[in-house]
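Engineer: Take this structure, written in structure tokens, and hold onto it; I'll ask about it next.
In the working numbering, the protein residues as written are 178 to 428.
Here's what the structure looks like:
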């Protein structure tokens, strides 16, 4: 079973708080929804009658994306099927190439269902976000209850969640990856993220932008400033949900 973590690598290991997958997401519902595509297994379900098959990953500039994919295709028809466990070994796993298309990631997200304890806490956070939306609408001089032509009321102020990967541990990794791939489009600064979010079409303003970020690993504490007009940015401290988040992740 996978473990979730605030960071995959950081020298200050005391800041890492890994948590078991089934503490956040429903294990059985995930397998039901993703049946025929991908399946999670508990370690106790593996009989371990065979030795793990070790797949050695290369590293360095010579280990290209194409070479990595060739390796996976080669071993998909090899002796790996004779083992119950495949152990992938090598340096810097965070920098290993990713061959999954975006649509497959989207399918994985559709399989994720929060456990009831977390879902209750999420409801509390959403309630806080809606309160922030009402405040933003009021400050913008817009009526909280505005009648439509059909007599119904407008929907609450919309909100979006933005995962800002600007923590110092991530910046270390993505800068290294940019150097290896001769690209400058992997790392995104706060300003670039703000610009991309502002380009989302059909986004009614004002809108609450909830920033998902590991603030304990930030070097810049101005993430809620500099957003476009009508985009009201909140992180968990400003929203007042720090205790909710902590309680939900220490079940």
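Glycine included, every Cβ here is placed at the ideal spot set by N, Cα and C.
#1: Could you give the residue range of the beta strand (DSSP E) that holds residue 408?
#2: With respect to the beta strand (DSSP E) encompassing residue 249, which residues constitute its N-terminal and C-terminal limits?
#3: Apart from the five residues just before and just after residue 407, which ones in its own chain have a Cβ nearer than 6 Å to its Cβ?
#4: Looking at the secondary structure, which residues open and close the alpha helix (DSSP H) in which residue 231 lies?
#5: Are the stretch 364-378 and the stretch 339-352 touching by the rule of at least three beta carbon pairs closer than 8 Å?
#6: Flag this pair as touching only if the stretch 245-265 and the stretch 215-231 have three or more C-beta atom pairs under 8 Å; answer yes or no.
#7: Could you tell me which residues DSSP pairs with residue 387 in its beta bridges?
#8: Less than 8 Å between the C-beta atoms of residue 210 and residue 281, yes or no?
#9: Pick out whichever of 206, 267, 318 and 244 has its Cα sitting closest to the Cα of residue 233.
#10: Answer with buried or exposed for residue 404, where buried requires no fewer than 16 other C-beta atoms within 10 angstroms of its C-beta.
#11: Less than 8 Å between the CB atoms is what I'm expecting for residue 351 and residue 363, so what's the real figure, rounded?
#12: Mind reading off the beta-carbon distance from residue 385 to residue 310? Whole number of angstroms is fine, and I expect it under 8 Å.
#13: Quick check on DSSP: helix, strand or coil for residue 308?
#14: For residue 245 and residue 274, which I take to be in contact (beta-carbon distance under 8 Å), what is that distance rounded to the nearest angstrom?
#15: Kindly list the residues whose CB is nearer than 8 Å to the CB of residue 257, restricted to its own chain and excluding five residues on each side of it in sequence; keep chain order.
#16: Between which two residues does the beta strand (DSSP E) harbouring residue 370 extend?
#17: Rounded to whole angstroms, what's the CA-CA distance from residue 413 to residue 390? Just pull it up for me.
Structural biologist: Taking the definition as stated:
#1: Taking the first residue of the chain shown as position 1, residue 408 is located at position 231. Here the beta strand (DSSP E) through residue 408 covers 408-411.
#2: For the purposes of this step, residue 249 is identified with residue 72 of the chain shown, where counting begins at 1. First-last for residue 249: 242-252, but that is the alpha helix (DSSP H), not the beta strand (DSSP E).
#3: Counting from 1 along the chain shown, the entry for residue 407 is found at position 230. Hits under 6 Å: 382 and 383.
#4: Walking along the chain shown from the start, residue 231 turns up at place 54. It is not in any alpha helix (DSSP H) - residue 231 instead sits in the beta strand (DSSP E) that spans 230-233.
#5: yes
#6: yes
#7: Locating residue 387 in the chain shown gives position 210, counting from the first residue. DSSP, once it has assigned bridges, lists 338 and 411 as partnering residue 387.
#8: Counting from 1 along the chain shown, the entry for residue 210 is found at position 33. Counting from 1 along the chain shown, the entry for residue 281 is found at position 104. No.
#9: The residue you call residue 233 lines up with position 56 of the chain shown. Here the closest residue by C-alpha is 267.
#10: To locate residue 404, count along the chain shown from 1; it is residue 227. Its Cβ being crowded by 16 or more others within 10 Å, residue 404 is buried.
#11: On the chain shown, residue 351 is found 174 positions in, with the first residue counted as 1. On the chain shown, residue 363 is found 186 positions in, with the first residue counted as 1. Contact flag correct, Cβ pair sits at about 5 Å.
#12: Reading the chain shown from its first residue, position 208 is the one you call residue 385. Reading the chain shown from its first residue, position 133 is the one you call residue 310. The Cβ separation is near 5 Å, so the contact holds.
#13: Mapped onto the chain shown, residue 308 falls at position 131. Note: residue 308 maps to helix in three-state DSSP.
#14: Here the question's residue 245 lines up with position 68 in the chain shown. Here the question's residue 274 lines up with position 97 in the chain shown. Between residue 274 and residue 245 the Cβ distance is about 4 Å, and since that is below 8 Å, they are a contact.
#15: The residue given as residue 257 occupies position 80 in the chain shown. For residue 257, where only same-chain residues beyond five positions count, the Cβ hits under 8 Å are 230, 232 and 263.
#16: Translated into positions along the chain shown, residue 370 becomes position 193. Looking at the DSSP string, residue 370 is not in any beta strand (DSSP E); the run it does join, the alpha helix (DSSP H), is 367-375.
#17: Counting from one through the chain shown, the residue named residue 413 turns up at place 236. Counting from one through the chain shown, the residue named residue 390 turns up at place 213. Whole-angstrom Cα-Cα distance: 9 Å.
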